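In what follows, a structure is listed as structure tokens, so that the remarks can point back to it.
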Amino acid sequence: MQEIASIIETHGQAVDQWFFSGQSPYHFAHSQGLITEEHAAYPPLHGTSFFGALLEAQYQEEKLIRSASIDTIVPKEIEGATQFHDFKNITFSTYPYEGYLEVEELVSFHRTRFLNKEADVALTCIHAVQQKLQAQGIPCYRVVPTNIAIQMVFRLLIGRAKSEKYRNAQIAIIGCETIAPSMSIQHEPQHSFTQKEKELDLQKILLQMTRAVQGSLVKMGDGLFFIFSTRGELERSQETSSFDDTVNHIALDTGLQVRMGLGVGATVTEAEDHVRLALQHARRYEHSMIVSVNEDKEIQEHVPGEQSMSFSVRSLGEEWMKRFKEAGISPAIASRIRAWMKRYDKDTISTHDIATWLQSTERNGRRVMAELESIGFVTICGEEQSGGRGRPRKLYRLSE
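Residues 757 to 1156 in our numbering are what the sequence shown spells out, letter by letter.
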């Protein structure tokens, strides 16, 4: 097993997908953090997989096998295969397990069954187990995946690799926009020399980011910059420096607050549409916000230093989209409310919750909930005291 770590560490950068010979080496590598489920696979062992080993045992031992011990394969698979092929007279002692198991534990299982006359032969899926048992004089035969299972896994891995290359080649556009100070704290005009100097400092930081993602920096207007790159380069750069780091770096070095948007798409037009949509969502907040929109129009909002929240307008379905359009209500607000309720594990919400989440007044929260109630997206389910004088707040629940 130690060779696995060495092989993966040596060739990891050059390999897109890993093919493992079986369950044990795969789960060993996974448990060590050497691979992910998306980048590796192994051929499964079905009930029919052990027929070859059983036939070999009959031939080599020159006798009719009446009992056998077998590891890894679950009893249900063995029972199904033996009943289908009418092998009811053979008794199997099984040792199924998930993940990775030490070789000595499997060797002990087979040895005990053989010495207790409970198994004529041992059938194992692990090469090291076979070697140790044969060295002890115990007849042991290796169960290997069928050719069909191996071919299916190869097709899966090739399909994954092609999909990953297509995904990495998608266009990614990073949008960075300065947040204008509110009038109450604005000490200097937005077009002052000081402001322009800050934007030049901002541009230097964005140039460093552009170099990291092998991209191209374009100034789109006052305080608005786009970086054109690919999804693969962007994700690779995020392994060493996140958007959080960039936003904090900008705030410390320039004194500017920025909002960032990320748009991904199959074409430049689609990616630009998505980055503008991301910035549009980010403008709802007066503080720094990072918003990304992918090719499925799934939106992810993230405040630097806090947990991200994802939602998708498309998940509402065509019928709801039609209702929102007819009522003139933004479906994005409904999607965000549903995502917030899931995130905070809430069954009911009040207008105060909505005002807090949307960072607006409670009056606006009442207006939003009244509009959602009018189309049946939410229903009134009770009331709660506001904590002060005045009428109690209404409580709402999402409609089924």
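Even for Gly, the Cβ is constructed at its ideal location relative to N, Cα and C.
On a predicted model such as this, the values are computed, not experimentally measured, just so you know.
In terms of alpha-carbon separation, which member of the options lies closest to residue i?
{"i": "I929", "options": "I914, F981, G1084, L820", "result": "F981"}
{"i": "S1048", "options": "V1024, M1065, G1017", "result": "G1017"}
{"i": "I935", "options": "S1116, A1007, I764", "result": "A1007"}
{"i": "V1100", "options": "I1089, W1113, A1090", "result": "One detail in the question is off: residue 1100 reads as Tyr in this sequence, not Val. Per the Cα distances, W1113."}
{"i": "V909", "options": "R967, L820, E1127, Y798", "result": "Y798"}
{"i": "E794", "options": "Q814, L801, V771", "result": "V771"}
{"i": "S919", "options": "E995, A1022, A968", "result": "A1022"}
{"i": "D1009", "options": "L958, K1081, C932, V1031", "result": "L958"}
{"i": "A796", "options": "G768, I821, S805, A968", "result": "G768"}
{"i": "A1126", "options": "R1153, Q1115, K1102, D1103", "result": "R1153"}
{"i": "F806", "options": "C896, I1085, A968, L990", "result": "C896"}
{"i": "M965", "options": "L912, F999, D978", "result": "F999"}
{"i": "T804", "options": "F775, A824, T838, Q779", "result": "T838"}
{"i": "G1121", "options": "S985, I1110, L956", "result": "I1110"}
{"i": "G979", "options": "G836, E955, V969", "result": "E955"}
{"i": "E765", "options": "I791, H783, A905", "result": "I791"}
{"i": "R1123", "options": "A1090, S1155, T1104, C1137", "result": "A1090"}
{"i": "E1026", "options": "R1040, N1050, R1039, L1012", "result": "N1050"}
{"i": "N845", "options": "H866, S864, V859, L820", "result": "L820"}
{"i": "V899", "options": "F1133, R1119, Q779, G977", "result": "Q779"}
{"i": "S1130", "options": "F865, G836, A1083", "result": "A1083"}
{"i": "E1175", "options": "H1030, V1024, P901, T902", "result": "Residue 1175 lies beyond the residue range present for the chain, which begins at 757 and ends at 1156; the question has no answer from this structure."}
Determine which residues share a DSSP beta bridge with residue i and list them.
{"i": "C932", "result": "F981, M1016"}
{"i": "T847", "result": "S823"}
{"i": "T766", "result": "Answer by DSSP bridge pairing: none, since T766 is not bridged."}
{"i": "K1150", "result": "E1139"}
{"i": "T902", "result": "None; T902 has no bridge partner."}
{"i": "K1081", "result": "K1081 is not bridged to any residue."}
{"i": "K975", "result": "F981"}
{"i": "L879", "result": "I826, Y897"}
{"i": "A796", "result": "W774"}
{"i": "I1105", "result": "Y1152"}
{"i": "P852", "result": "T828"}
{"i": "T986", "result": "I927"}
{"i": "S1068", "result": "E1054"}
{"i": "V1134", "result": "L1154"}
Residues in the same chain with beta-carbon distance under 6 Å from residue i, minus the five sequence neighbours each way, listed in chain order, please.
{"i": "P852", "result": "V830"}
{"i": "P781", "result": "I760"}
{"i": "A891", "result": "none"}
{"i": "G971", "result": "I983, F984, S985"}
{"i": "H802", "result": "E833"}
{"i": "Q907", "result": "none"}
{"i": "S849", "result": "S825, R869, E874, A875"}
{"i": "E1042", "result": "none"}
{"i": "H1058", "result": "I1046, S1064"}
{"i": "G1132", "result": "S1155"}
Under 7 Å Cβ to Cβ from residue i, same chain only, skipping five residues before and after it: list those, please.
{"i": "R987", "result": "R923, N924, Q926, A928, V1020"}
{"i": "T868", "result": "none"}
{"i": "R1149", "result": "S1106, T1107, H1108, E1139, E1140, S1142"}
{"i": "V1014", "result": "C932, E933, T934, I935, V1003, I1006, S1044"}
{"i": "R1092", "result": "F1067"}
{"i": "M939", "result": "Low confidence applies here, because M939 scores a pLDDT of 43, under 50, leaving its location unreliable and the question unanswered by this model."}
{"i": "E1028", "result": "I929, G1019"}
{"i": "M1077", "result": "P1087"}
{"i": "L962", "result": "C932, L973, F981, I983"}
Leaving out five residues before and five after residue i in sequence, what residues of the same chain have Cβ atoms less than 8 Å from its Cβ?
{"i": "L862", "result": "D827, Y851, T880, I882, V885"}
{"i": "E818", "result": "none"}
{"i": "F775", "result": "A796, A797, Y798, V909, F910, L913"}
{"i": "S762", "result": "none"}
{"i": "M1097", "result": "D1103, I1105, L1154"}
{"i": "L1151", "result": "T1104, I1105, S1106, I1136, C1137, G1138, E1139, E1140"}
What are the start and end residues of each continuous alpha helix (DSSP H) run of 4 or more residues lying completely inside the region 1003-1066, in chain order? Scanning the region 1003-1066 for uninterrupted alpha helix (DSSP H) segments of 4 residues or longer gives 1024-1038, listed from N- to C-terminal end.
Below 8 Å, can you find three or more Cβ-Cβ pairs linking the region 949-959 to the region 1032-1041? Contact between the region 949-959 and the region 1032-1041 is absent, because fewer than three Cβ pairs lie under 8 Å.
For the region 804-812 against the region 786-793, do three or more pairs of beta-carbon atoms, one drawn from each stretch, fall closer than 8 Å, so that the two count as touching? no
Complete alpha helix (DSSP H) runs within the region 1107-1131 (minimum length 4 residues, chain order): With a minimum length of 4 residues, the continuous alpha helix (DSSP H) runs that stay inside the region 1107-1131 are 1107-1114, 1118-1130.
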